[in-house]
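Structure record follows, encoded as structure tokens.
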Amino acid sequence: MNFYFAPMEGITGVTFRNAHRELFPQMDRYYGPFIAATQTLSLKKKEMRDTDPDNNRAYTYVPQVLTNSPEQLLWAVSEMQTRGYSEVNVNLGCPSGTVVPKFKGAGMLGDTDRLDRLFDEFFGLMGRKMPDETRPVRISVKTRIGLDDKNGLPKLIAIFNRYPFSEIIVHPRLRTDFYKGTPDLEAFQMCAEGITRPVAYNGDLFSAEDYRRITARFPSLSGVMMGRGLLVNPALVREMKGGRPLSKDELRRFHDLLFSRLLEEMQGSGNVLFRMKELWYYMGQDFPDAGPYIKKVKKAKTPADYRTAADRLFDECAMRVPERPVF
1 MNFYFAPMEG
11 ITGVTFRNAH
21 RELFPQMDRY
31 YGPFIAATQT
41 LSLKKKEMRD
51 TDPDNNRAYT
61 YVPQVLTNSP
71 EQLLWAVSEM
81 QTRGYSEVNV
91 NLGCPSGTVV
101 PKFKGAGMLG
111 DTDRLDRLFD
121 EFFGLMGRKM
131 PDETRPVRIS
141 VKTRIGLDDK
151 NGLPKLIAIF
161 NRYPFSEIIV
171 HPRLRTDFYK
181 GTPDLEAFQM
191 CAEGITRPVA
201 YNGDLFSAED
211 YRRITARFPS
221 LSGVMMGRGL
231 LVNPALVREM
241 KGGRPLSKDE
251 LRRFHDLLFS
261 RLLEEMQGSG
271 NVLFRMKELW
281 YYMGQDFPDA
291 GPYIKKVKKA
301 KTPADYRTAA
311 DRLFDECAMR
321 VPERPVF
């Protein structure tokens with residue numbers, strides 16, 4: 001079984017990945033924030049840094065691409081090939097309101113005929129124009145089960161079977177669900193039974209028990225992917241593998257390491273506090289009785305004030321990892 005980390009926009013960039021890997025080395029692959037391939041055929045500064053091989057040497061990194069153009073997808077795959085990556089993931093799952101109307105991310109699931117044409121053209125181009133045939137690149141997909149209903153799921157499964165994808169990672173929610181409700185395991189079973197490529201599961205994995213329940217029902221999975229669960233509990237994969245549970249001392253070391261490195265990287269900018277406060281939306285669920293302390297963390301205006309508030313929280317509040325976080 002492989003364990004994958006799904007990126008969380010604005011929180012889990014290069015610095016987070018490296019800090020996490022240093023203290024919790026059980027993750028098999030870290031998937032990057034999506035590269036928005038456009039007509040400019042160029043990487044933004046943030047994308048350049050995130051996909052820089054020097055920043056990702058401590059772990060297996062998989063770039064993720066968001067586009068609706070076969071030519072732009074080919075360009076992005078070629079760029080990642082030159083950077084030494086052997087897999088590129090195509091995002092069919094992003095539910096953002098700025099993405100979906102452009103027939104990107106989960107928006108692509110609303111027109112399976114157009115999606116089929118995109119992959120047909122892309123793999124045709126890939127067979128003719130990839131610059132370095134000596135270093136093949138695997139193409140995987142991360143998808144939801146539909147846009148606003150799952151009626152198109154059989155056709156979507158047929159598309160995945162038609163092309164040489166290395167793996168299909170399925171988040172069994174509709175785009176209109178965003179992250180609400182519960183994953184549709186009946187729809188996932190259709191995918192697990194119908195897709196002839198390796199299939200991985202993504203969705204609401206918050207505990208070792210969640211992992212055991214999903215893998216017991218779907219024993220042939222190639223992997224499991226988690227996002228929010230890892231922000232609540234950075235030792236989650238270790239626990240899924242039968243290791244010891246997260247301790248408060250470990251969580252504090254991880255927090256302090258990430259905070260200090262972000263300060264160094266961003267030179268004390270307000271973005272550091274924004275990222276750390278965003279992280280407390282998840283980590284705070286480990287401290288169910290720390291409401292007043294978390295309020296002080298979120299009200300901090302300077303790094304010094306933030307550090308004082310966070311230290312008090314860790315010093316004075318008991319940690320209890322909840323069975324299932326409440327989002």
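Using the numbering used here, the letters of the sequence shown map in sequence onto residues 1 to 327.
Just so you know, even glycine gets a beta-carbon here, dropped at the ideal spot from N, CA and C.
Under the three-state DSSP convention, the category Y293 falls into: helix
M190 - DSSP class collapsed to helix/strand/coil: helix
Rounded separation between D210 and G203 - CA only: 10 Å
M1 and L231 closer than 8 Å at C-beta: no
Segment limits, beta strand (DSSP E) that includes V199: V199 to N202
Close-in-space but distant-in-sequence residues of the same chain around D28 (CB under 8 Å, 5 per side omitted): N2, F3, Y4, T60 and G223
Residue(s) in a DSSP beta bridge with H171: R144
Nearest-angstrom beta carbon gap, K150 and A187 [assumed within contact, 8 Å]: 5 Å
For V137, the first and last residue of its enclosing alpha helix (DSSP H): Careful: V137 lies outside any alpha helix (DSSP H) and carries neither H nor E.
Candidates R162, L153 and E167: closest to S140 by CA position: E167
L147 vs L174 beta-carbon contact at 8 Å: yes
Entirely enclosed alpha helix (DSSP H) segments - the segment 216-282, minimum 4 residues: 228-232, 236-240 and 248-266
Candidates S96, P33 and Q26: closest to T12 by CA position: P33
Q72 and L43 closer than 8 Å at C-beta: no
Beta-carbon gap between A290 and C317 smaller than 8 Å: yes
Backbone secondary structure at T60 - three-state DSSP: strand
Secondary structure of R320, DSSP reduced to three states: coil
Limits of the unbroken beta strand (DSSP E) element including N2: N2 to F5
Sequence-distant residues of the same chain with beta carbon closer than 7 Å to K46, five excluded per side: none
When P53, Q81, T15 and K295 are compared against D256, the one with the closest alpha-carbon: T15
Own chain residues within Cβ distance below 7 Å of Y31, not counting five before or after: Y4, F5, A6, P7, V62, Q64 and N89
Length of the line joining the Cα atoms of R212 and L236: 13 Å
Distance, N161 Cα to R114 Cα: 16 Å
Classification of E87 by the beta-carbon crowding that lies within 10 angstroms, buried from 16 upward: buried
Reference F165; option with closest CA among I157, P172 and H171: I157
Rounded C-alpha distance that separates E264 from V272: 10 Å
Three-state secondary structure (DSSP) of G181: coil
Cβ distance (whole Å) where G110 is taken to contact C94 below 8 Å: So it is not a contact: roughly 13 Å between Cβ atoms.
Other residues of its chain near P245: CB distance less than 8 Å, five sequence neighbours each side excluded: A235, E239 and V321
CA nearest to the CA of Y163, picked from F123, R324, N55 and T308: F123
Where the alpha helix (DSSP H) containing P161 begins and where it ends: With the sequence shown as reference, residue 161 is identified as Asn, and Pro is not the correct amino acid for it. That run of the alpha helix (DSSP H) goes L153 to R162.
Close Cβ partners of E9 (< 8 Å) along its chain, the five nearest in sequence each way excluded: P33
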